[in-house]
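Take a look at the structure set out below.
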Amino acid sequence: MNPIPADWALATTHLASDYVSRQFCSIVRAMPKVLPPPELDVILLVACCNLAQRLAEAYLNPVTINFDLVCYSEVLHMQETGINSRRKESLLERYPPGGQLILEWPTVVLDRFGVIVLWYLPRAIDEAIKNDMLAATMMMSDHLGKSVSRTSAMKGKWRTHQSSFQSSEHGLTLGCINLSPGWFLQGHLAPKFHPEVSATLKQDGPTLCQAIRRPAVLAAAALRVMHGSLYWSSLTTQLGLGLWADNNQLKEMGNCLREWASSFIVLAVMCNHCSPLH
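The sequence shown begins at 595 in my numbering and counts up one residue at a time.
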């Protein structure tokens, strides 16, 4: 039984995610293929089949490295910035890399205790979904353009400063924006601040939600296989947010949640970002 209300876009996301998960298991365990749900359109169905195949190929092709992910995670601070060179040198000295690893096929990289460190999934997104992503990004051009800071000072604006972007061969507008049906600022607690629809979705909510629907569904389906507990936690959060919006008569948020297909509450759209890894 689908726990998501039938009029929510997330209901289709859950159907697709369940199909990808069961198809993945059938391939890994060499069992008969499962029947696809009739609610999925042809483009999304083909994309889901391809994703399940790539996930299964990666899972059946593990590579182990000499690394302890649990110990490494325990020494990390709660809010690592990734731009502190001394901190980076200290971590590299304590946990030196085990050498260069070249991946050419779908692969899962495991630490020495069998914990999955990385899913490497080339060609997991097919051309139709890539076209959806390109079209959606083009629709966001105005919002992306307004997000870029062109002042000389970079302090506090390194994520959106113009120096952090490179030109696009597709002629896309450079920028970085956040989309959310329930945006919540860290450090701003209730009752002074409550979740609200992000500014971008307040302007073009239904149009943008429709444009990103298939890519959002595919990302959720991948999450269902890679990190099932996080997937279910995300669904629970959205359902709870929907009840909260309804109880507080927040019609705008309720409408946006019904159109929102992603399993994540917030999506960041970064167009040709070239900042340091963090």
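Even glycine gets a Cβ: it sits at the ideal position worked out from N, Cα and C. Since the model is a prediction, treat every value here as computed from it, not as a measurement.
- Rounded to whole angstroms, the Cβ separation of G708 and N660 is 13 Å, and the two are not in contact under 8 Å.
- Pairing V819 with F618 gives a Cβ-Cβ distance under 8 Å.
- Within the region 719-804, the runs of alpha helix (DSSP H) that reach at least 4 residues and sit entirely inside it are, in chain order, 721-733 and 735-741.
- Around the C-beta of S667, fewer than 16 other C-beta atoms lie within 10 Å, and the residue is accordingly described as exposed.
- Within the same chain, Cβ atoms closer than 7 Å to the Cβ of R616 are found at V628, the five residues on either side in sequence being excluded.
- Cβ neighbours of D726 within its own chain (closer than 6 Å, five residues either side excluded): R808 and P809.
- Going by DSSP, Y689 is part of no beta strand (DSSP E) at all; its letter is neither H nor E.
- Around the Cβ of T801, a 10 Å sphere holds fewer than 16 other Cβ atoms; the residue is exposed.
- Residues R852 of the same chain have their beta carbon placed closer than 7 Å to that of D601, with the five preceding and five following residues left out of the count.
- Between N596 and A605, the beta carbon gap of about 6 Å places them in contact (Cβ cut-off 8 Å).
- For T675, no beta strand (DSSP E) run applies, since DSSP gives it neither H nor E.
- Within the same chain, Cβ atoms closer than 8 Å to the Cβ of L795 are found at L773, S774, P775, L802, C803 and C850, the five residues on either side in sequence being excluded.
- The Cβ-Cβ distance between A815 and C642 falls below 8 Å.
- If you compare the alpha carbons of E790, V863 and H821 with that of G848, the shortest gap goes to E790.
- One thing to note: C770 has its Cβ within 8 Å of the Cβ of M864.
- Secondary structure of L861 (DSSP, three-state): strand.
- Under the three-state reduction of DSSP, L817 is assigned to helix.
- For L704, the enclosing beta strand (DSSP E) covers residues T701 to L704.
- The C-beta of V669 has fewer than 16 other C-beta atoms within 10 Å across all chains shown, which makes the residue exposed.
- If you look at L712, you'll find it in the beta strand (DSSP E) that goes I710 to Y714.
- P700 and Y825 have their C-alpha atoms roughly 22 Å apart.
- One Cα belongs to M672, the other to V664, and the distance between them is close to 14 Å.
- The closest CA to that of L638, considering only L609, L649, L861 and Y653, is found on L609.
- The shortest CA-to-CA distance from N655 to any of H755, K682, Y714 and Q843 is the one to Y714.
- In summary, F787 is exposed, with fewer than 16 beta-carbon neighbours lying within 10 Å of its beta-carbon over all protein chains present.
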